[in-house]
Structures are given as C-alpha cells and as structure tokens.
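According to the working numbering, the residues represented by the sequence shown are 1443 to 1624, in order.
All C-beta atoms, glycine included, are put in the ideal place defined by N, C-alpha and C.
From a predicted model like this one, the values you see are computed outputs, not experimental measurements.
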Amino acid sequence: MTTNKTLPSEMIRVPTVLIPVVRQLAKIHRDGHTTALLQALQELISQFDSSADLPTTELQQVDEKLGQLETHLCQQDELMASKLEVIAKKLELMERSLASGRYSNSRPRRSGYPYQYQQSVEINAFPNDNLAQRLGVTPQSLTKERESKSEQEFISWSRNRDPMGLGWKFQVKDGLYYPVRQ
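Structure below.
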C-alpha cells in the first residue's frame, strides 16, 4: 500500500516588495515548470556572484557620504583645537604681562592728540552749524534741543555731547553759542 500524500507547504517570510514575485514563482511551480525555473534562477544568481562591477546601492552612497562628512568634521575639530590652543597661549601671555605690572593703569595715558597738551586755544563762539558738527548732531536737532529744554538743561545736554566737556549757551542777540566754563 502506497500513500501519495502531499507534503505540507513550508511558510516563509519574505519582504513585502517580493510578495508579487514569490506568488509568480509559485504559479510557475504549480504549472510544472520548476526545473526550468530553477535553472534560470541559478544562471541569474551566478551572474550576480561573478560580476565584479555591481552597481553602488543608495545605502553604499549614503555610507560614503557619511564617511566624507566624518573626515571633514574631524579636520574641522583639529583646526578648531589648534586655533583654541593659539588663543590660550596668547591669553596666558596677556595674563603674565598684567601680573608683572607691565600694563598697569597707574601710568598716565598717552594722548592720541599730541597738540592737546600745548597751549590751549580759546574757544569763543560758534554758529549753529559749527556747534552741531562739534556735538555730532544735525543743525535742526540742535535747534530743537535748545528750544525744548531750559537753559540749564541745554547746557548739561551739550556738555555731555561736547568732546572737551564744555557746556554751551545760546545768545539770542547775535545768534551764536558761547562756551560755559564750570
């Protein structure tokens, strides 16, 4: 007594993308073309195995790009480290100089204007345009400030803007500004 039992199918998991291909292969197998199918698959596989020039996949390209980026970042880190080293050395030199007293505030500062210590020039009066330029404002804003402030407020305001700390007072009779000495 011979029993012709069919063996149960083996269930395997395949990626979702391959499901239609596996279904097509199962149909070809059921149609009795299994031997021809196996031979064709073996030839196809041997072509892939023997091929030295497999095309680069996207994953390999991403991996290469990541490698290049990592190399670039390492170079940047090394460059930054060397720059920080130079800055640290300069700071150390500055600290030593300050600690040794070479740069202390006790010495008189040298002026950028050598003529400042010479005989002072007497400043008598300025017209509106010249005083505005001296105070770093426009002639219109100078007039506006003068008209909107009391005399003492204007003197204080102009003293704060004047390069020599002079306050200025306006004389209506001649239309000129005169310095106010403290």
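Integer-rounded CB distance, given that residue j should sit under 8 Å from residue i
i, j, result
"S1618", "P1581", "Here residue 1618 is Leu; the residue named in the question, Ser, does not match the sequence. Wrong, their Cβ atoms sit about 13 Å apart, outside the cutoff."
"I1597", "V1622", "5 Å"
Cβ neighbour criterion (16 or more within 10 Å) applied to residue i
i, result
"P1462", "exposed"
"S1600", "buried"
"R1588", "buried"
"G1609", "buried"
"S1451", "exposed"
Distance, residue j Cα to residue i Cα
i, j, result
"E1500", "Q1489", "21 Å"
"T1477", "P1457", "25 Å"
"K1532", "L1521", "17 Å"
"D1505", "L1479", "36 Å"
"K1611", "K1586", "14 Å"
"T1513", "A1523", "15 Å"
"Q1484", "K1507", "34 Å"
"V1459", "G1509", "29 Å"
"N1693", "L1526", "Nothing in the structure corresponds to residue 1693, since the chain is present only between 1443 and 1624."
"Q1517", "A1541", "36 Å"
"L1515", "Q1503", "18 Å"
"S1641", "S1590", "This structure cannot speak to residue 1641, because the chain is shown only from 1443 to 1624."
"D1519", "M1453", "53 Å"
"A1468", "Q1481", "15 Å"
"R1472", "I1487", "22 Å"
"K1615", "E1564", "22 Å"
"A1530", "E1537", "10 Å"
Cβ-based neighbour list, residue i, same chain, cut-off 6 Å, excluding 5 preceding and 5 following
i, result
"S1592", "none"
"V1464", "V1456"
"V1528", "none"
"E1595", "none"
Residue from the options with nearest C-alpha to residue i
i, options, result
"Y1620", "S1539, L1573, A1482 and V1504", "L1573"
Contacts around residue i, its chain only, beta-carbon distance under 8 Å, and the 5 residues preceding and following it disregarded
i, result
"P1605", "R1576"
"L1584", "N1570, L1573, A1574 and L1577"
"R1603", "L1577, G1578 and V1579"
"G1474", "none"
Nonlocal neighbours in the same chain, by C-beta distance under 7 Å from residue i, ignoring five residues either side
i, result
"I1470", "L1479"
"Q1613", "Y1620"
"G1607", "R1601"
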